[in-house]
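Numbering (our numbering), first residue to last: -13 to 405. Below is one structure, written out as structure tokens; comments come after it.
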RNA sequence: GUGGGUAUAGCUCAGCUGGUUAGAGCGCCUGGUUGUGGUCCAGGAGGUCGCGGGUUCGAACCCCGUUACUCACCCCA
């Protein structure tokens, strides 16, 4: 039989390496919580219609990459391909009092060919705010995004900002764009010559040189914004300026999910060859209604944990070492002392480890050293007979003191306090 | 879906134009007498050379297929 392994495009996060994830989630959670967001957990799988309607059938994410299955009851289900739709569904289902602010950390699933920074199961942290149309909340969300990236120590990224308009002005713009593209149809790349009617906005985002050339002369959404959208966008930019949050106005910025309106953004990082998007989001004022709720504005972002850590690697920041034990118990009698001392010190709140299986003192010391522990606590025949423990400092010069077993905890505290 | 690269010990990799018992470093285990780690020394365990065919007297090495990993395109976090 073939050896079993993690499915293509998925990875095991092993102890040791996971210390960095724990730290990252800590940074994100504390920033989100202090901005009034509470953790939300929704099911990893949902009725497939949620994503079809919410994210859009024409999108790659839903049309080509979704993990769909039929459950034993014959229901059509799908693994979550992105974070927002489920949160909105939960909002509609539970009627929380707006403004509703939730943060999440979740796996997301897309059936793609894996490569650097792209997986079939990847993980995102993100936030959503529902029930506030005020542009100031856009600024709050953007500030949280940049605070998060900065909090990890990242720099040199670009916040790309655009407004996609709303129901009042976008249809007219799309019509104008479609007309322009149709005029220049023969200059587009092969694929997009066919797709003009489907989603003309995407063509602006195409990397083909021919499409890029056509895009240069295309009408921009920014010029076509209605008064309300223009005012909203101006207020957002004003807020960003007030907080010295740098951004780059990118009239060609289009996102891969259909629900976005007005403020739309991405954070990208130059990797020498090509760019990596590490965070993306925006406003989706029509989504709640599309999913069957009362008209409610919303905004949020998601950020890929793997990609963010890739960026951290590249910049040499946010290196997190696993915690090491304060003490490691070496017991050359029958292990009973190690058993009892470990239990006692852990109850006191200390991180302590021990050796097992009655190995030689030499090998127990070796594992003690490798564990990174500050102290070795030795119980051999002498200590066992006298009711004492020998404390050896493994990080300094190897100083040893013998202390009564009863006062072990306070003796350790004194030693720690000394330096 | 398309294209490139790689596949040898737990990890990182050697293995010359095909030649006999497949190696190194790190890691792991044991020991270097009388209770002590980090350095050093000695010994040891551990490999169907991804898998299946083929060529050959002989294949880790050459050919075909296949799978996996990886990188890029598309798209995206």
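We treat Cβ as the ideally placed atom computed from N, Cα and C, and that holds for glycine. As the structure is a prediction and not an experimental result, all values here were calculated from the model.
Legend entry - Cβ-based burial, residue 337 [other Cβ within 10 Å; buried from 16]: Position 351 of the first chain, counted from the start, is the residue given in the question as residue 337. Its Cβ having fewer than 16 others within 10 Å, residue 337 is exposed.
Legend entry - N-terminal and C-terminal residue of the alpha helix (DSSP H) that residue 323 is part of: In the first chain, residue 323 corresponds to position 337, counting from 1. Counting along the chain, the alpha helix (DSSP H) containing residue 323 begins and ends at 322 to 333.
Legend entry - Selected residue, minimal CA-CA separation from residue 360, among 348, 371, 383, 133: As a first step, residue 360 is located in the first chain; it is residue number 374 there, counting from the start. Residue 383 is the option with its Cα nearest to residue 360.
Inset, instruction - Report the rounded CA-to-CA distance for residue 339 versus residue 333, giving the unit in angstroms. - result: As a position in the first chain, residue 339 is number 353, starting the count at 1. As a position in the first chain, residue 333 is number 347, starting the count at 1. If you take the alpha carbons of residue 339 and residue 333, they lie about 13 Å apart.
Inset, instruction - Flag this pair as touching only if the region 205 to 224 and the region 246 to 259 have three or more C-beta atom pairs under 8 Å; answer yes or no. - result: Yes: the two stretches touch, three or more of their Cβ pairs being nearer than 8 Å.
Inset, instruction - Per DSSP, which residues does residue 148 bridge with? Please list them. - result: Walking along the first chain from the start, residue 148 turns up at place 162. Answer is 250.
Legend entry - Reduced DSSP secondary structure (H/G/I, E/B, other) of residue 157: Counting from one through the first chain, the residue named residue 157 turns up at place 171. In the structure shown, the three-state DSSP call for residue 157 is helix.
Inset, instruction - Per DSSP, which residues does residue 390 bridge with? Please list them. - result: Start at 1 with the first residue of the first chain, and residue 390 comes out as number 404. Residue 390 is bridged to 374.
Inset, instruction - Leaving aside the five residues before and after residue 105 along the sequence, list all residues of the same chain whose C-beta is less than 6 Å from its C-beta, in chain order. - result: Residue numbering aside, residue 105 sits at position 119 when the first chain is read from its first letter. Annotation for residue 105: -5 place their beta carbon closer than 6 Å to its own, counting only its chain and skipping 5 residues before and after.
Legend entry - Nearest-angstrom beta carbon gap, residue 282 and residue 82 [assumed within contact, 8 Å]: Translated into the one-based positions of the first chain, residue 82 becomes position 96. Translated into the one-based positions of the first chain, residue 282 becomes position 296. In fact, because the Cβ distance is near 11 Å, the residues do not count as touching under 8 Å.
Legend entry - Unbroken stretches of the beta strand (DSSP E), 3 residues or longer, contained in the region 66 to 118: Runs of the beta strand (DSSP E) spanning 3 or more residues and lying entirely within the region 66 to 118 occur at 86 to 95, 107 to 116, in chain order.
Legend entry - Length-filtered (3 minimum) beta strand (DSSP E) runs lying within the region 209 to 256: As for any beta strand (DSSP E) of minimum length 3 sitting wholly inside the region 209 to 256, the runs are 247 to 256, ordered along the chain.
Legend entry - For residue 262, the three-state DSSP class (helix, strand or coil): As a first step, residue 262 is located in the first chain; it is residue number 276 there, counting from the start. It is a strand residue.
Legend entry - CA-to-CA distance, residue 158 to residue 206, given in whole angstroms: By one-based count along the first chain, residue 206 stands at place 220. By one-based count along the first chain, residue 158 stands at place 172. Distance between residue 206 and residue 158, taken at the CA atoms: about 12 Å.
Inset, instruction - Can you grab the Cα-Cα spacing for the pair residue 150 / residue 29, in whole Å? - result: Counting from 1 along the first chain, the entry for residue 150 is found at position 164. Counting from 1 along the first chain, the entry for residue 29 is found at position 43. Cα-Cα distance, rounded: 30 Å.
Inset, instruction - Using a threshold of 9 Å, state whether the C-beta atoms of residue 108 and residue 241 are closer than that. - result: Residue mapping note: residue 108 aligns to position 122 of the first chain, counting from 1. Residue mapping note: residue 241 aligns to position 255 of the first chain, counting from 1. Contact annotation: residue 108 and residue 241 have beta-carbon atoms that are not nearer than 9 Å.
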